[in-house]
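Asker: Supplied in structure tokens, the structure appears directly below.
There are 6 protein chains.
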Amino acid sequence: MYELGVVYRNIVRADRAVAQQLAGLGSATVHEALGRVGLMKPYMRPIQQDVQVSGTAVTVLLQPGDNWMMHVAAEQVQPGDIVVATVTAECSDGYFGDLLATSFQARGARGLIIEAGVRDTQVLRQMQFPVWSRYVSSKGTIKATPGSVNIPIVCAGAYVTPGDVVVADDDGIVVVPRARAAQTLEAARQREAREGAKRDQLASGVLGLDMYGMREPLAAAGLQYLDWQDRG
Amino acid sequence: MYELGVVYRNIVRADRAVAQQLAGLGSATVHEALGRVGLMKPYMRPIQQDVQVSGTAVTVLLQPGDNWMMHVAAEQVQPGDIVVATVTAECSDGYFGDLLATSFQARGARGLIIEAGVRDTQVLRQMQFPVWSRYVSSKGTIKATPGSVNIPIVCAGAYVTPGDVVVADDDGIVVVPRARAAQTLEAARQREAREGAKRDQLASGVLGLDMYGMREPLAAAGLQYLDWQDRG
Amino acid sequence: MYELGVVYRNIVRADRAVAQQLAGLGSATVHEALGRVGLMKPYMRPIQQDVQVSGTAVTVLLQPGDNWMMHVAAEQVQPGDIVVATVTAECSDGYFGDLLATSFQARGARGLIIEAGVRDTQVLRQMQFPVWSRYVSSKGTIKATPGSVNIPIVCAGAYVTPGDVVVADDDGIVVVPRARAAQTLEAARQREAREGAKRDQLASGVLGLDMYGMREPLAAAGLQYLDWQDRG
Amino acid sequence: MYELGVVYRNIVRADRAVAQQLAGLGSATVHEALGRVGLMKPYMRPIQQDVQVSGTAVTVLLQPGDNWMMHVAAEQVQPGDIVVATVTAECSDGYFGDLLATSFQARGARGLIIEAGVRDTQVLRQMQFPVWSRYVSSKGTIKATPGSVNIPIVCAGAYVTPGDVVVADDDGIVVVPRARAAQTLEAARQREAREGAKRDQLASGVLGLDMYGMREPLAAAGLQYLDWQDRG
Amino acid sequence: MYELGVVYRNIVRADRAVAQQLAGLGSATVHEALGRVGLMKPYMRPIQQDVQVSGTAVTVLLQPGDNWMMHVAAEQVQPGDIVVATVTAECSDGYFGDLLATSFQARGARGLIIEAGVRDTQVLRQMQFPVWSRYVSSKGTIKATPGSVNIPIVCAGAYVTPGDVVVADDDGIVVVPRARAAQTLEAARQREAREGAKRDQLASGVLGLDMYGMREPLAAAGLQYLDWQDRG
Amino acid sequence: MYELGVVYRNIVRADRAVAQQLAGLGSATVHEALGRVGLMKPYMRPIQQDVQVSGTAVTVLLQPGDNWMMHVAAEQVQPGDIVVATVTAECSDGYFGDLLATSFQARGARGLIIEAGVRDTQVLRQMQFPVWSRYVSSKGTIKATPGSVNIPIVCAGAYVTPGDVVVADDDGIVVVPRARAAQTLEAARQREAREGAKRDQLASGVLGLDMYGMREPLAAAGLQYLDWQDRG
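Chains as they are written, first to last, in this note's numbering: chain P, 1 to 232; chain X, 233 to 464; chain W, 465 to 696; chain B, 697 to 928; chain L, 929 to 1160; chain Y, 1161 to 1392.
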């Protein structure tokens, strides 16, 4: 349940070293390491390409057409944070542009995840401030009604508690609960290590059918091989 | 109300110098300078990245699956124009490709805004002919039923009168009425000038909360600061 | 009607030389040469830009959230094939990533068309393995329920028989039936040859209205030219 | 171009008798009589079934998440009006419920067309106050920022001038410019009269192919009749 | 692959008695009996409620914004047929209204499935002519370009050969290949017979967990029962 | 964060009397009483009309195309519960039909909220078992992979803890946290009481402008009244 008109200070962040090392593993591997949960909906899209980031979440709950809380959030940002914002209703307005990005970047933010619109996207790319959003829109916003900062929120279908780790890249955005960040990093690394050997085998022409031992279970599941010429 | 089967010649265009100078200010700033109106819907997307254009509108009303009027429009194009096209119904067909772009470019058109589909997008990018569209589709069209050229149209939710200024970039597309072009350019420039100073302050670490004097109105609006550890 | 749990071997592929030469003509020209049919829906989008490929179809029918059949399909791939996959229901999961791409590439596949999600998109671009998909998503899949390989399928609204030619680029994806591949290549080449001369004329400022002889039929269809100043 | 913060009084309405008689002809027939223009996009849907209304437009431009102008509009409503409202950005909030409907109905409004959300839909049906909207949502709105009343607006892709006639039913919503209301009513009636005779013929088993004399033009257009058994 | 400009006569229809008896079993049961394939996409929606129909398919391929082939199709309709229509591109126009419905009904058609728009929906319900469509729209169409009748088509993701059985109700639309109609009817009946006994047990309070013997496989799959009070 | 493969028993439910009394107040009033938070996204739609229910949440996390957990959930249902289900990925399959509804109803469930598809909708209406879903689809599901029952979930953008109160009607679905159920009921009742008096005034022709004292703040916000005839 959302508390409105509240800013929480002194949130407890996941370990910074752990949070930063998750970026390089990518959202797909981290998502698998978490047990295939915690993913935001695929309508969230990056405004840039080939960028991977991770950081600790500062959360923002916004009102429709009103970005006042983004300025409030800036003060709560610490180096290594990623701002994660949502709105109390569907809204495509451009809540964030180059001025706010300048402020966030000055505070040490590593990026923005927002279930709404952003603008000044060309400048944001030039500034190398990565953003994932639902919309891109020139439409500006007002500053009239308080929302909240650093309360637990639902963003694009994922539950985010302030201080959780957020991992974002071209494939999507995954939220790692603070308490599970270290073990998820370890599991993701192991997964990646295993994948290297598999990749070499597959590149040499070995089939996944053989490498994973799938032929027997496929036969048991009833898969039949037929010849196209014998098809009726 | 749409008149069908009509081409208006000798439309009255906004001042060319004004029209061209609006491009550099960007759709977001121009939209703010206009009072936050005149924006097309955010489902209109560029086929290229990092391009800003502006120009005077030549409008086209098309029939579903029929691009005949695009050829009629080419004759009405003058250097500095942007063609703005819509269809009498939702249609994803590819109404525009490299041949029409060659013709438009030869006439001096600066770009195309179309609430429908386009094709040959790779070639269009190579030609540096910028396009914003709702769809990309290889599907071709016929030439059988007249629409209109240079009548007032609604394109992606915005009302466009021939001769209005259109400003388009990665953030969206804004329509500036001819009669307000000069004052909007002036307002946008002032806005941009103010933003430069703000950007410097924010980059130095000053918070928007202080720079904009938001702390008092936020307190008046009831915003409370609490400590995360004290949360129940 | 879909047969489930079946893999057809020894499918009959379109002539390889024909299949490969269709890529350079592009999906729009090939689609026209086919008589404006055979196009997939425009919601299928490339994960890369400015890439044109063509090849012979190896088809895959997948179950929701289950990519088991992708591994089965890898064995059926021959150099010059493009894998075309769909799911028995709408599903945005990431069915395909860098490991499967490594395997497909090792087998000689030229790309993947999938009416579902993919992941590891940054790596896929680095590998230069082209993909067209409906979604991008980090969400992984299980391997539990057989689908089929090399049965006729409907993918994004197009009917695909194994061995058909698939032509894909930034504009979309078109399916050329095996039996019509050679004549379609010929028709597409003729079309392209004609377009070269037209492009030159249009670039020199000749209007399509004159080049195509449209003025008379437009007048016959009732198109009227009026002066803007005379508008009520 | 939208003027913000303005209410126009004493708008010029289409003739009331004409406006009311258009309802019975239905949106499809009126749309044809207008020359197939003036239709709102098909995402506008009624909250009730089997209701046809028409009336003169009182227009409203709303701000995102803010329904203040609906109260301002109530005062401008006269018996026989239909309120037509849009928002400066996409917004799914519930801008209108049973209290506003009570007020509108007391003023003589015949219905509401809104490119946004509404709520209390069960009660609205019980009150027999017809509504067409883009969304249904329980989400309430604030009253903080002025929009406008009785300016020309774009609603769901249609241009609406205050005083125009709006015809709405289960098929959609069509806007008839005030100046063309009488001639459109006449054309629609003639069209309907012709349809009665056609309906009788078709009901008796006469084919449209014969009734409309289509066989010859179809043959001229190249249509071929083949026998299924002769298909390859 | 679509053949354009062709009408096939004397198609081979599934057995009429079989076709008619499938209606009562419903699309969900028939879909299961077919092995969970053959379903149209869920964006196809009925314009009426609580109606189940089945019949043999007469197929129509339409051009965008052009319903000429619907009149051609009427002649091919025989009592017990359902017309299944699609367009060569996405199109929301109203291709079908009360006049065509009168003609189809006079010919014995049992309904219409169309991946496009329809209009006159209130009258269609009064006529008890059932329709499933993707859109509802007042927008009319022209009659200018031939498509085809009774060729195999893809409609809403399903492959339909003329003469196949179509089963439609509030849950969706399933296509049963002619050659499998009888066996599918038998399988669907058996499935339904089994469901009656299950329904009685479940209504008496027996759990599916016990009735289907799921407790053991769930435990084997690792499902754990915990007490909420013991949750951390 | 989702725990997979877990069923929590003995959840703590909101007071039953409070939970049941919230239904009659409706989702819009309850949502306002909660401070305009806790609402599910408006893409959730009822399969029936004019039904209001409320109850305590039993939550279900499902796997794509797999409804095994619905049977597990049935055992956890107590009279007065509403089952609230979501899937780990977007899925339109029909997870729920008349057999499961029979079981849920026998256990005392008051309805189902599911961010996925349902089927047998005609029968569900006849059974008077209310359902809100994102999709309707005949497509069946398998029973192969465990999800969870009675863990906190995100359903259609709302965070739901087992035992929370869910209020659903034609306008949408709102989730009331267990700890706030009683105070929300009280606030909603007061709100409704106030609305009765307002409704009477508005029905008598009093304007909201006067009843709410809006004229002064509107003037302060700069709203201007002009005469249409004086418009340029």
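For every residue, glycine included, the Cβ atom is placed at its ideal position computed from N, Cα and C.
No experiment lies behind these values; they were computed from the predicted model shown.
L:D1026 by DSSP, collapsed to three states: which one?
Answerer: helix
Asker: Assuming the contact rule is C-beta atoms closer than 8 Å, L:G993 and X:P296 should be a hit. Round their C-beta distance to whole Å, please.
Answerer: 3 Å
Asker: Below 8 Å on the Cβ atoms is my contact criterion, and I expect Y:K1299 with L:H959 to pass it. Report the Cβ-Cβ distance as a whole number of Å.
Answerer: The C-beta distance from Y:K1299 to L:H959 rounds to 7 Å, short enough to meet the 8 Å contact threshold.
Asker: So, using beta-carbon positions, are W:L682 and X:A306 closer together than 8 Å?
Answerer: no
Asker: For X:V397, which residues in chain W fall below 8 Å Cβ to Cβ?
Answerer: By Cβ distance, chain W contributes nothing, its closest Cβ being about 17 Å from X:V397, past 8 Å.
Asker: With three or more C-beta pairs closer than 8 Å as the rule, is the segment 1345 to 1355 of chain Y touching the segment 808 to 821 of chain B?
Answerer: Output reads no: the segment 1345 to 1355 of chain Y does not touch the segment 808 to 821 of chain B.
Asker: Taking CB distances under 8 Å as the criterion, tell me whether X:D325 reaches chain L.
Answerer: yes
Asker: Check for me: the alpha helix (DSSP H) holding B:A840 runs from which residue to which?
Answerer: Segment: none, B:A840 is in no alpha helix (DSSP H) and carries neither H nor E.
Asker: Which residue wins for smallest C-alpha separation from L:Y1023, given the options L:R1038, L:G1036, L:L990, L:I1010?
Answerer: L:L990
Asker: Measure the alpha-carbon distance for X:Y391 versus L:V1064 and round it to whole angstroms.
Answerer: Answer to the nearest angstrom: the Cα atoms are 25 Å apart.
Asker: Throw me the rounded Cβ distance for the B:R830 and B:Y739 pair, which I believe falls under 8 Å.
Answerer: 6 Å
Asker: If we cut at 8 Å on Cβ distances, does B:R927 have a partner in chain L?
Answerer: Chain L, which has a Cβ nearer than 8 Å to the Cβ of B:R927, makes this yes.
Asker: Rounded to the nearest angstrom, how far is the Cβ of B:C787 from that of P:C155, given a contact under 8 Å?
Answerer: Wrong, their Cβ atoms sit about 19 Å apart, outside the cutoff.
Asker: Would you call the segment 98 to 113 of chain P in contact with the segment 427 to 445 of chain X, where contact means no fewer than 3 C-beta pairs closer than 8 Å?
Answerer: Flag = yes, the segment 98 to 113 of chain P and the segment 427 to 445 of chain X touch.
Asker: In chain Y, which residues lie with their C-beta within 9 Å of the C-beta of P:G140?
Answerer: Within chain Y, no residue comes near P:G140; the closest Cβ sits about 18 Å away, beyond 9 Å.
Asker: Report yes if the C-beta distance between B:S750 and B:V861 is below 8 Å; otherwise report no.
Answerer: yes
Asker: CA-CA distance, L:G966 and B:Q745?
Answerer: 31 Å
Asker: In angstroms, rounded to a whole number, what distance separates the CA positions of W:R589 and X:A260?
Answerer: 32 Å
Asker: Quick one: which unbroken alpha helix (DSSP H) runs of 4-plus residues sit fully inside the segment 61 to 125 of chain P? Chain order, please.
Answerer: 68 to 76, 98 to 107
Asker: At a Cβ threshold of 8 Å, is P:G222 touching chain W?
Answerer: yes
Asker: When the distance is taken between beta carbons, is Y:Y1168 closer than 8 Å to Y:P1322?
Answerer: One thing to note: Y:P1322 has its Cβ within 8 Å of the Cβ of Y:Y1168.
Asker: Alpha carbons only, please: which of L:I939, L:R1143, L:A1115, L:G952 is nearest the one belonging to L:V1005?
Answerer: L:I939
Asker: On the DSSP bridge list, what partners appear for B:Y831?
Answerer: DSSP lists B:G813 as partners of B:Y831.
Asker: What are the partner residues of X:P278, as DSSP defines its beta bridges?
Answerer: X:W364
Asker: Pop quiz: Y:V1232 and L:L1137 are said to be a contact at Cβ under 8 Å. What is the actual Cβ separation, rounded to whole angstroms?
Answerer: 7 Å
Asker: Note down, in chain order, every chain W residue with its Cβ under 8 Å from the Cβ of P:R13.
Answerer: Within chain W, no residue comes near P:R13; the closest Cβ sits about 23 Å away, beyond 8 Å.
Asker: Do you know offhand how far B:A917's Cα is from L:P1058's?
Answerer: 32 Å
Asker: Which one or two residues does DSSP pair with Y:Q1384 in a beta bridge?
Answerer: B:V702
Asker: Could you check where the alpha helix (DSSP H) with B:A651 kicks off and where it finishes?
Answerer: Residue 651 of chain B is absent from the model: chain B starts at 697 and stops at 928.
Asker: How far does the alpha helix (DSSP H) with Y:A1328 in it reach, from first residue to last?
Answerer: No alpha helix (DSSP H) holds Y:A1328; the beta strand (DSSP E) holding it covers 1325 to 1329.
Asker: Would you tell me roughly how many angstroms separate the C-alpha atoms of W:A478 and X:V355, rounded to the nearest one?
Answerer: 28 Å
Asker: In the segment 61 to 77 of chain P, which residues sit with their C-beta less than 8 Å from some C-beta in chain B, listed in chain order?
Answerer: Q63, P64, G65, D66
Asker: Note down the Cα distance separating P:D81 from Y:Y1162, rounded to an integer number of angstroms.
Answerer: 23 Å
Asker: Just to confirm, are X:G237 and W:L687 a CB contact at a threshold of 8 Å?
Answerer: yes
Asker: Looking only at its chain, what residues have a beta carbon closer than 6 Å to the beta carbon of P:G111, apart from the 5 residues adjacent to it on each side?
Answerer: V53, I82, P130
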